[in-house]
Structures are given as C-alpha cells and as structure tokens.
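I have placed the structure first, in the form of structure tokens, so that the comments after it can refer back to it.
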Amino acid sequence: MRAECLHQDQRHRIMLFRGTGDGQRAVVSFEHGRDQHMSGFEPASCPRFARRLGVDALMVQTARRDWFVSDRSAALAEALARATAGYAEVIAIGFSMGGYAALLYSAACHARRVMAVSPQYCIDPQVAPFDPGRHAKFARIGRPMPLPQSQGDIGVDGLLLYDPAIAADRAHAALIRVGFPRLTAVALPHGGHPATGVIAGAGGVGQLAEMVIVNRIDPARVRQAHRAARRDSALYRLHLAKAALARHPDRAKRELRALAAGAAPRQAFEAALLLLEQRDDQAEALLSRVLEAEPQIPPGLLRRLDRALRDGGI
Numbered sequence: 001m002r003a004e005c006l007h008q009d010q011r012h013r014i015m016l017f018r019g020t021g022d023g024q025r026a027v028v029s030f031e032h033g034r035d036q037h038m039s040g041f042e043p044a045s046c047p048r049f050a051r052r053l054g055v056d057a058l059m060v061q062t063a064r065r066d067w068f069v070s071d072r073s074a075a076l077a078e079a080l081a082r083a084t085a086g087y088a089e090v091i092a093i094g095f096s097m098g099g100y101a102a103l104l105y106s107a108a109c110h111a112r113r114v115m116a117v118s119p120q121y122c123i124d125p126q127v128a129p130f131d132p133g134r135h136a137k138f139a140r141i142g143r144p145m146p147l148p149q150s151q152g153d154i155g156v157d158g159l160l161l162y163d164p165a166i167a168a169d170r171a172h173a174a175l176i177r178v179g180f181p182r183l184t185a186v187a188l189p190h191g192g193h194p195a196t197g198v199i200a201g202a203g204g205v206g207q208l209a210e211m212v213i214v215n216r217i218d219p220a221r222v223r224q225a226h227r228a229a230r231r232d233s234a235l236y237r238l239h240l241a242k243a244a245l246a247r248h249p250d251r252a253k254r255e256l257r258a259l260a261a262g263a264a265p266r267q268a269f270e271a272a273l274l275l276l277e278q279r280d281d282q283a284e285a286l287l288s289r290v291l292e293a294e295p296q297i298p299p300g301l302l303r304r305l306d307r308a309l310r311d312g313g314i
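Reminder that position 88 of the sequence shown reads as 88 in full-length UniProt numbering, one-by-one numbering, no gaps.
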C-alpha cells in the first residue's frame, strides 16, 4: 500500500494510506515515542486493523520526542483539519505520547472517538509532579505544554486504557478522565506501559482498535482480552514480579530468575536488570548470558544498566 504525504515540515508529517472501503471513515494514528533517539522521520506503515477494515489511515509523525508540541503545532492542527474535513467519521488513536496528541488534536482532526492508551495528561513538573521521570523531557520541549482539553474536544467519546499499577500512568488517567468525561476508562493491571503490552503479546490490540472504530466499545471484552492474554505472558509475569519486590522480595526474585533464564530476550534482560538493581548474587551471570544471546538492547534499558552498574560499584 503506497503512502501519500499530505503535510510535512521540519517537525511533523502526515502520511495517508487509502483503504479499500468507501472513503467515508478514517483513523488518525499519532506516533508514540521511540526507544532510540528521535531525530527525523521513520518510514510510515499502515496499521493492519485499518487494512482489514478498509478504512483510510492517516499516520501523524513527529521528528522529535516533543509530544507534538512545537512552533509548528498550529500548522499541524490546520493540516489535520484539512485532511479530515471530508470524512463522515474520524477516530484518533495514540499510545503514550501519541495518546496525549490524539486528545490534544481531537478537535482539529474532527475525531468522533479516541483510543488513548497510557497517555500523559501533561509532563510539565508544575502540572505533573507525580511523573519526575519525564520532567527532563518536558525541559527539552522548550515551550509550554497545553493541557489536552484546552485544544481537544472535551465531548469526544472513546476508550482510555491504563495500567493502575504504574503510579504516574494512574495519575495521568485520573486527570484525563476529568478533562474528557465521556471517555470509557478501563484499567489493565500489570499491562505495563503502554497498558496493552500483555494484550499485544497475544496479537489482540487490533481488536481493541476495531472496537473503537466500529463504535462497539465494551469494557468487559477489553478486560477479558487482558485476562486471557496474561495466562501465557512473560511480560505480565515480569510486571507482577516487579510489583511484588517490595512486599514479597524472595518470591519475586525467584520469578525474576526464572524469567531471566528462560523468557524472550527483552523480558529476560529486564528481569536480570531488576535483579541487578536488587543486588541479587545471580544477576551478573544471568545478564551476561542474556547479552551473549541478544546484544541489541534498547538505549533506555542500557542507560538503566549503566546506572545499576555504577550504583553497585561494578
């Protein structure tokens, strides 16, 4: 499927993938933050769920980890308004940073519904003192960060998904629910960030998106998808063990050792890293084994590894 560029400047880009349907319905998908340093645009691809449904897909990209807040934000909003003006129905979708953007630009893109997964409400320290891990990222944006309801459609319907076990995500969700009271909020405990991580491992995220697109939002079905996916999910076990470290350290460490020894490389590395941060005597050997098998580790995890090694005097 060939992409058409509808808008591009030095900060933001909109790529259109035309569906096989009647052209009356579109999904506007806002890019999430990438693990690597964001500098420039990545190749855009059409979501599988959009292809299945035959709807048009507008992929909104950003060249920086800027939460789509820049000196070109007004131009992006105008471009979105033009690009979506001819559709009978528009659905905005975003994860994390993209979830914030889906809410912020919901009015600009004429969104009827939104699917926001683990979105931030704002990362300004004055607004979100509960999210210190993102305060440096706010400083790098270099300009005020608008609250999503200040520009978004506060009457928009849709689905808000979050992991209540992550304190910052829980606090962001609470503020978003006040600003966008028509959203249906569903908590997915130990899903991670984004909260659909466990469901994604079972290939179920597209079904959630389709639920929003066809306007059949069913919180019970969302929770059931999460429960079904977690049974065989190493990611769920990892998040559960991490949460248990404070109150049940021995049991949690046993589970982390098992994951470090037998899970897929990403989960194995995170489990071994958690053990290293807990000064577990088996952590170094487990980490070495994981790195031998999978040397390509995302930069964010490598920074955590560097801190853990320095803190441990290694």
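Ideal placement from N, C-alpha and C gives every residue a C-beta, glycine not left out. Note that the structure is predicted; figures quoted are calculated from it, not measured.
Does DSSP classify residue i as helix, strand or coil?
i, result
"GLU4", "strand"
"TYR162", "strand"
"LEU245", "coil"
"GLN61", "strand"
"LEU188", "coil"
"ASP157", "strand"
"ARG304", "helix"
"GLU89", "strand"
"HIS69", "Reading the sequence as shown, one finds Val at residue 69 and not His. Residue state, collapsed to three classes: coil."
"LEU183", "strand"
"GLY40", "coil"
Considering only C-alpha positions, which residue in the set the options is nearest to residue i?
i, options, result
"ALA195", "PRO181, ALA173 and ASP22", "ALA173"
"ARG140", "ALA283, ALA268 and ASP124", "ASP124"
"MET146", "VAL178, PHE68, PRO298 and ALA171", "Correcting the residue type first, residue 146 is Pro in the shown sequence and not Met. Per the Cα distances, PHE68."
"ARG13", "GLY21, ALA75 and ARG25", "ALA75"
"ARG254", "HIS226, ALA283 and ARG307", "ALA283"
"ALA225", "ALA202, ALA50, GLU4 and ALA165", "ALA202"
"ILE297", "PRO265, PHE49 and ALA26", "PRO265"
"LEU245", "ALA229, ARG231, ARG279 and ALA228", "ARG279"
If contacts are defined as beta-carbon pairs under 8 Å, then residue i and residue j qualify, I think. What distance do you get, rounded to the angstrom?
i, j, result
"VAL127", "ALA111", "VAL127 to ALA111, Cβ: 23 Å. No contact."
"ALA263", "ALA271", "6 Å"
"GLY19", "ALA50", "6 Å"
Taking 7 Å as the limit between beta carbons, can you name the residues of its chain near residue i, skipping five residues before and five after?
i, result
"ARG182", "GLY155, VAL156 and ASP157"
"LEU256", "ALA241, ALA271, LEU274 and LEU275"
"GLN267", "ALA234, LEU235, LEU238 and LEU259"
"ARG143", "VAL69"
Starting from residue i, trace the alpha helix (DSSP H) in both directions and tell me its first and last residue.
i, result
"GLU284", "283-293"
"VAL214", "Premise fails: VAL214 is in no alpha helix (DSSP H) and is neither H nor E."
"residue 327", "This structure leaves residue 327 out entirely; the chain is present only between 1 and 314."
"ARG177", "167-179"
"SER150", "148-151"
"ILE199", "197-201"
"ALA272", "265-277"
Give every residue of the same chain whose Cβ lies closer than 8 Å to the Cβ of residue i, excluding the five residues on either side of it in the sequence, and list them in chain order.
i, result
"MET211", "LEU159, ILE217, ASP218, ARG221 and VAL222"
"ARG52", "GLY206 and GLU210"
Could you spell out the range, first to last residue, of the beta strand (DSSP E) harbouring residue i?
i, result
"GLY54", "Counting along the chain, GLY54 falls outside any beta strand (DSSP E), and DSSP gives it neither H nor E."
"MET97", "No beta strand (DSSP E) holds MET97; the alpha helix (DSSP H) holding it covers 97-104."
"SER29", "25-30"
"LEU16", "12-17"
"ARG113", "113-117"
Apart from the five residues on each side of it in sequence, which residues of its chain come closer than 6 Å, Cβ to Cβ, to residue i?
i, result
"GLY191", "ASP163, GLY197 and VAL198"
"GLY40", "ALA63"
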